[in-house]
Amino acid sequence: MKRAPIYCTHNTNNMFSTQTDKENFDMSKFPVERIRNFSIIAHIDHGKSTLADRLLEMTGAISKTEKNRQVLDKLQVERERGITVKAQTASLFYQYQGETYLLNLIDTPGHVDFSYEVSRSISACQGVLLIVDANQGIQAQTVANFYLAFEAQLTIIPVINKIDLKNADPERVENQIEKVFDIPKEECIRISAKLGTNVEQVLLEVVKRLPPPSFNRAAPFRALVFDSNFDHYRGVVANVALFGGCLSKGDRIVSAYLGKSYEVNELGLLRPDEHPTEKLFAGQVGYVIAGMKEVKEAQIGDTLYHQKHPVEALPGFKPAKAMVFAGMYPMDQSDYSILRSAVEKLTLNDSSVTVQRDSSMALGAGWRLGFLGLLHMEVFNQRLEQEYNASVIVTAPTVPYKAILSSPRLIKEHGREEITIVNPAQFPDRTLVREYLEPMVTGTIITPDEYVGKIMSVCLNRRAVQKNMIYIDDRRVMMKYLFPLNEIVVDFYDHLKSMSSGYASFDYEDAGYQAADVVKMDILLNGKPVEELTTIVHKDRAYSAGKAMCERLQDAIPRQMFEIAVQAAIGNKVIARETIKAYKKNVLAKCYGGDITRKMKLLKKQAEGKKKMRYIGTVQVPKDAFINVLKRKDK
Amino acid sequence: MLKTLLSVSGGHVLFVARCFSGEVICGVNKLAGLSPPLSTEASLYVHWPYCLRRCSYCNFNKYIPRSDNQDVMSECLQRETETLLRLSQVSRVTSVFFGGGTPSLARPSTIAAILETVARHVALSEDAEITLEVNPTPIGSSKLQDFFHAGVNRFSIGVQSLCDEDLKVLGRDHNSKHAVETVAEARGLCPGKVSVDIMFGRPSQGVASWELELEELLSLCDDHISLYQLTLERGTQLFSQVQTRQLSMPSDDITALMYETARKILQKRSYIQYEVSNFARNGAISQHNMSYWNSSQYIGVGPGAHGRFTPHGEGVCREARTQTLEPDVWVREVQLRGHGTRRRIPLGHLGLLEEVLVMGLRLIDGITHQHWQLFSPGADLHHILTSSAEFRDLQQKELLILDNRGLRCSWKGLAYLDCLLPTLLLQLESHINQEQEQARNTPRETTL
Numbered sequence: 001m002k003r004a005p006i007y008c009t010h011n012t013n014n015m016f017s018t019q020t021d022k023e024n025f026d027m028s029k030f031p032v033e034r035i036r037n038f039s040i041i042a043h044i045d046h047g048k049s050t051l052a053d054r055l056l057e058m059t060g061a062i063s064k065t066e067k068n069r070q071v072l073d074k075l076q077v078e079r080e081r082g083i084t085v086k087a088q089t090a091s092l093f094y095q096y097q098g099e100t101y102l103l104n105l106i107d108t109p110g111h112v113d114f115s116y117e118v119s120r121s122i123s124a125c126q127g128v129l130l131i132v133d134a135n136q137g138i139q140a141q142t143v144a145n146f147y148l149a150f151e152a153q154l155t156i157i158p159v160i161n162k163i164d165l166k167n168a169d170p171e172r173v174e175n176q177i178e179k180v181f182d183i184p185k186e187e188c189i190r191i192s193a194k195l196g197t198n199v200e201q202v203l204l205e206v207v208k209r210l211p212p213p214s215f216n217r218a219a220p221f222r223a224l225v226f227d228s229n230f231d232h233y234r235g236v237v238a239n240v241a242l243f244g245g246c247l248s249k250g251d252r253i254v255s256a257y258l259g260k261s262y263e264v265n266e267l268g269l270l271r272p273d274e275h276p277t278e279k280l281f282a283g284q285v286g287y288v289i290a291g292m293k294e295v296k297e298a299q300i301g302d303t304l305y306h307q308k309h310p311v312e313a314l315p316g317f318k319p320a321k322a323m324v325f326a327g328m329y330p331m332d333q334s335d336y337s338i339l340r341s342a343v344e345k346l347t348l349n350d351s352s353v354t355v356q357r358d359s360s361m362a363l364g365a366g367w368r369l370g371f372l373g374l375l376h377m378e379v380f381n382q383r384l385e386q387e388y389n390a391s392v393i394v395t396a397p398t399v400p401y402k403a404i405l406s407s408p409r410l411i412k413e414h415g416r417e418e419i420t421i422v423n424p425a426q427f428p429d430r431t432l433v434r435e436y437l438e439p440m441v442t443g444t445i446i447t448p449d450e451y452v453g454k455i456m457s458v459c460l461n462r463r464a465v466q467k468n469m470i471y472i473d474d475r476r477v478m479m480k481y482l483f484p485l486n487e488i489v490v491d492f493y494d495h496l497k498s499m500s501s502g503y504a505s506f507d508y509e510d511a512g513y514q515a516a517d518v519v520k521m522d523i524l525l526n527g528k529p530v531e532e533l534t535t536i537v538h539k540d541r542a543y544s545a546g547k548a549m550c551e552r553l554q555d556a557i558p559r560q561m562f563e564i565a566v567q568a569a570i571g572n573k574v575i576a577r578e579t580i581k582a583y584k585k586n587v588l589a590k591c592y593g594g595d596i597t598r599k600m601k602l603l604k605k606q607a608e609g610k611k612k613m614r615y616i617g618t619v620q621v622p623k624d625a626f627i628n629v630l631k632r633k634d635k
Numbered sequence: 001m002l003k004t005l006l007s008v009s010g011g012h013v014l015f016v017a018r019c020f021s022g023e024v025i026c027g028v029n030k031l032a033g034l035s036p037p038l039s040t041e042a043s044l045y046v047h048w049p050y051c052l053r054r055c056s057y058c059n060f061n062k063y064i065p066r067s068d069n070q071d072v073m074s075e076c077l078q079r080e081t082e083t084l085l086r087l088s089q090v091s092r093v094t095s096v097f098f099g100g101g102t103p104s105l106a107r108p109s110t111i112a113a114i115l116e117t118v119a120r121h122v123a124l125s126e127d128a129e130i131t132l133e134v135n136p137t138p139i140g141s142s143k144l145q146d147f148f149h150a151g152v153n154r155f156s157i158g159v160q161s162l163c164d165e166d167l168k169v170l171g172r173d174h175n176s177k178h179a180v181e182t183v184a185e186a187r188g189l190c191p192g193k194v195s196v197d198i199m200f201g202r203p204s205q206g207v208a209s210w211e212l213e214l215e216e217l218l219s220l221c222d223d224h225i226s227l228y229q230l231t232l233e234r235g236t237q238l239f240s241q242v243q244t245r246q247l248s249m250p251s252d253d254i255t256a257l258m259y260e261t262a263r264k265i266l267q268k269r270s271y272i273q274y275e276v277s278n279f280a281r282n283g284a285i286s287q288h289n290m291s292y293w294n295s296s297q298y299i300g301v302g303p304g305a306h307g308r309f310t311p312h313g314e315g316v317c318r319e320a321r322t323q324t325l326e327p328d329v330w331v332r333e334v335q336l337r338g339h340g341t342r343r344r345i346p347l348g349h350l351g352l353l354e355e356v357l358v359m360g361l362r363l364i365d366g367i368t369h370q371h372w373q374l375f376s377p378g379a380d381l382h383h384i385l386t387s388s389a390e391f392r393d394l395q396q397k398e399l400l401i402l403d404n405r406g407l408r409c410s411w412k413g414l415a416y417l418d419c420l421l422p423t424l425l426l427q428l429e430s431h432i433n434q435e436q437e438q439a440r441n442t443p444r445e446t447t448l
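Now the structure itself:
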């Protein structure tokens, strides 16, 4: 069924001015019935930010100019990668049947690495717009995002974007949506966010289809903190959704989590820039500045209430859980403090990164950082480099293993039976452990069917177990696999992309822990273990991992006056070996008057390099060798 | 310290005065480098930049002449010799070496004129070693007698190989027959003072054939042999031939074996290895080259030539000097400004000691304590080195020997010299830095 487009006036300027006007809004004029809180969720590059730009323009939140390119994506990395890292929020005013509605668009990150942030955002919503590219169709992240919204029992409005593209096939996409998500295809809205085609209808459907928030203005004040930012001048800016009551400037509020009380200095709407108001009411979304000094004081998921009217805290969010760890070291130790302050500043705004100080004999002082996922890690590194101009060595990512202890002594020491192992140095011996566990994920792969065979064999090689496989239309297949997280953290995604000429998409979600036969593998140089190269590997992968490591070291360590055995070992058992042959001779043949300058320069350089050598026994290992072996392979 | 200060010649009163006026520490530290031993004499290197053709392995500073500019070059070499001798204020030149390029392409009259220029300005004794590098081509050999009459008393002949096939690959313009004839003729002129250069590690060369070739060479050569491993230099024809796999170089292990074998054969035939690449019998060591390894002063004349001397006219410490590289530009500069020096780098105390160490350890006798003391009156080798555990380890492994004669490499250690030097250089540097630190912390009165 094709709906006739419905046009309505949206002359919001009559009642509410554009952002340039600093007139105060009377927020009491917006009862919950005329409020809609929604998010836009989509696979990367399916046009979420462009749609947001159009919605902001049409409702007068921003002026309609050529420059409106993804207004909500503030970070350089967001604009470059076409992803949203930090969720942004904007309140829109929309005229419908003679009434002004307050539509709160709560922008979400576009990747499930940020599912934590997505879950924060959508818990403040009653509905979502699920955007799908009319050309590419459903992709892996579309599926992941759908389930997040579905599980939160939100109303889902499917929107098929980019219908202006030459190869657009909205009908096929509608069929996919019906098949995969069980949403009748008649409910899909076909738009072109780029050209503005049918975008008006999206606003209309938001008002018509989404339920208003069911909160009571007369109840005691209660607000959910769903995001926070740090501002150097004003401290913490908390984004809040009011689940009841109202909040005014000067109110004394309390954080349920910390029990600390604060006075509200400023509050208001995000349009998307901050626009102060006198009050905020139940069902509304806005920001609060209340003299909080650290983002830790505005914990995501915390509840705020009036000091005089304590209420029960809202059910909290799942705390962010680091799933991918990587060491991070300054390229040059003299840059340590610069890097430290950059890491501190970045984590001020990203509470989901866990930071632990670490030091490596080879790479010096640094950190072990925990990330929600691979993209999260990449985005963090890219921001460090772009926004803080920091030059860093990032080690290959690892995952957190667990061990169920059997040794009563160890259990007593740790105070519990199950421990998490982030650093291979803490890996308890097999004899002290009942079993080891490794983190698992459910991976979703959507691919044109001609690549299915190749992808299946790669998944098998990565110890993945297939859960199901369905055709989402006559050419595309969706497969679900249970993967050990460790198998996908390094290069799986790149491999998948190149194998499928870029057509396959992949996403994953946490699937708990599973017993695994993991072992600690040491790397030895002439019999002496190299601490920083110890890794935890699955037993089946130990040989290939050990061999690869030995080969990389063989290339990276220069020949010396004696032979060097490079070995990978599990316990006392050597499983792989490479040999670096000894120099038999190393002396410049000719050295006369005209050769001295050049020779001295060379020797001085070698002497300088020697200062930076790490000694494993008598073996000199240049820092570069560690970097080559430890660092993530460049893409 | 004061004693050393006072011993410098009158020209340095100015420096002493400045010393008292405040730059005490700086003055004291530079002091040892200020007046290196025997600053009244130097050896002289003269560079003839032209070759008839380019050898496939050579990236040295040499040019194929576009026109006949023998006269201009001769004139400029004389003029620059004069300039630098004056500047150095030496009273004696101990040896002269004509290198290149292909200096045997120069006219004997040019060689004679330069030697006369030297003799006009400073003492150049009858028995001073005057070496000429000779390319063993028929043209070159016919001139040997003329060179001899011009004053040359030692010939260094670039035989390189006795295998004609290899000589072609290397791009040499002679064959083994020419080489044999040239050596014979040179020996006739200067018996006991002829050196031959031979090269190993050539493309596709094997150890067995190398042994035979060396034996053959020994049957015709004189008392001095220089043995070089062919090194692959970027930008040469040979380099690209190896890159594109038209030629293959023997592995490091093979060349190490070739070196080892050669050392043994030469030793058996009573050639004493007195330096990494140089062997002599009957005491026929090269005086001129010894001056490099002993860190004596030397003056370099000609395009791209290097020198190490104290320019008393312009400075107070030894300088590393380089002449302008391109012959045409060098000629123009000498003509216009009277000199072709392009770069002057003062060698500080540490810099000089580093060179003494690096060059001295190339000698089989190494660095004697007396020799070291000439440059480092304040700190002896024991004092500097024995605190380093790494140095002691090298001693223990019998790669380095430090005894009451001095510091030297063992037979085995000499082949590993470039692995040993960084350790020694670091230890020397940290010692000197410590010394300076102490000097800085000592009140000025005590220093003076």
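Chains as they are written, first to last, in the UniProt record's numbering: chain S, 1 to 635; chain W, 1 to 448. Using N, Cα and C, we set each Cβ at its ideal position, and we do this for glycine too. Remember, it's a predicted structure, so these values are computed and weren't measured experimentally.
From residue i to residue j, what does the alpha carbon distance come to, in whole angstroms?
{"i": "P377 (chain W)", "j": "L227 (chain W)", "result": "35 Å"}
{"i": "E532 (chain S)", "j": "Q426 (chain S)", "result": "12 Å"}
{"i": "S391 (chain S)", "j": "Y336 (chain S)", "result": "10 Å"}
{"i": "residue 636 (chain S)", "j": "G250 (chain S)", "result": "Since the displayed chain S opens at 1 and closes at 635, residue 636 (chain S) lies outside it and no answer follows."}
{"i": "P213 (chain S)", "j": "R54 (chain S)", "result": "24 Å"}
{"i": "G47 (chain S)", "j": "F146 (chain S)", "result": "16 Å"}
{"i": "G98 (chain S)", "j": "I289 (chain S)", "result": "34 Å"}
{"i": "I345 (chain W)", "j": "N572 (chain S)", "result": "56 Å"}
{"i": "V152 (chain W)", "j": "I432 (chain W)", "result": "43 Å"}
{"i": "E563 (chain S)", "j": "G373 (chain S)", "result": "41 Å"}
Between the Cα of residue i and the Cα atoms of the options, which residue gives the shortest distance?
{"i": "M361 (chain S)", "options": "S:A52, S:F93, S:K623, S:E57", "result": "S:K623"}
{"i": "M469 (chain S)", "options": "S:N461, S:R462, S:R463, S:I455", "result": "S:I455"}
{"i": "E165 (chain W)", "options": "W:V152, W:E181, W:V196, W:S204", "result": "W:S204"}
{"i": "Q606 (chain S)", "options": "S:V353, S:T442, S:V621", "result": "S:V621"}
{"i": "H43 (chain S)", "options": "S:V399, S:I138, S:Y101", "result": "S:I138"}
{"i": "L280 (chain S)", "options": "S:V324, S:Q356, S:I536, S:R222", "result": "S:R222"}
{"i": "Y96 (chain S)", "options": "S:L204, S:G571, S:M27, S:A124", "result": "S:L204"}
{"i": "S251 (chain W)", "options": "S:P184, S:K585, S:K162", "result": "S:K585"}
Given 7 Å as the limit, tell me if residue i has its C-beta closer than that to any heavy atom belonging to the ligand SAM.
{"i": "Q284 (chain S)", "result": "This structure does not include the ligand SAM; it has no bound ligands of any sort."}
Beta carbon of residue i, beta carbon of residue j: below 8 Å?
{"i": "T110 (chain W)", "j": "Q145 (chain W)", "result": "no"}
{"i": "T81 (chain W)", "j": "V118 (chain W)", "result": "yes"}
{"i": "L630 (chain S)", "j": "T395 (chain S)", "result": "yes"}
{"i": "N239 (chain S)", "j": "F226 (chain S)", "result": "yes"}
{"i": "I557 (chain S)", "j": "A568 (chain S)", "result": "no"}
>> So if I threshold CB-CB distances at 9 Å, which residues from the segment 273 to 286 of chain W count as touching chain S?
In response: Interface annotation for the segment 273 to 286 of chain W against chain S: E275, V276, S277, criterion Cβ-Cβ distance under 9 Å.
> Using Cβ-Cβ distances below 8 Å, what residues of the segment 417 to 439 of chain S are close to chain W?
Replying inline: Residues are counted here when their Cβ sits less than 8 Å from a Cβ of chain W; for the segment 417 to 439 of chain S the count is zero.
> In chain order, what residues of the segment 287 to 300 of chain W put their CB closer than 7 Å to some CB of chain S?
Replying inline: Contact annotation: in the segment 287 to 300 of chain W, residues whose CB is within less than 7 Å of a CB in chain S are N289, Y292, Y298, G300.
>> By the 8 Å beta-carbon criterion, what residues does the segment 238 to 263 of chain W contribute toward chain S?
In response: Of all residues in the segment 238 to 263 of chain W, D252, D253, T255, A256, L257, Y259, E260 have a Cβ within less than 8 Å of some Cβ in chain S.
> Which residues, in order along the segment 609 to 622 of chain S, keep a beta-carbon less than 9 Å from a beta-carbon of chain W?
Replying inline: So the list reads G609, K610, K611, T618, given in the order they occur along the chain.
> If you measure beta-carbon to beta-carbon, which residues of the segment 549 to 574 of chain S are closer than 7 Å to chain W?
Replying inline: Within the segment 549 to 574 of chain S, the residues whose Cβ lies closer than 7 Å to some Cβ of chain W are M561, listed in chain order.
> For the segment 392 to 412 of chain W, which residues have a beta carbon sitting closer than 7 Å to at least one beta carbon of chain S?
Replying inline: Against chain S - using a Cβ distance shorter than 7 Å - the segment 392 to 412 of chain W contributes no residues.
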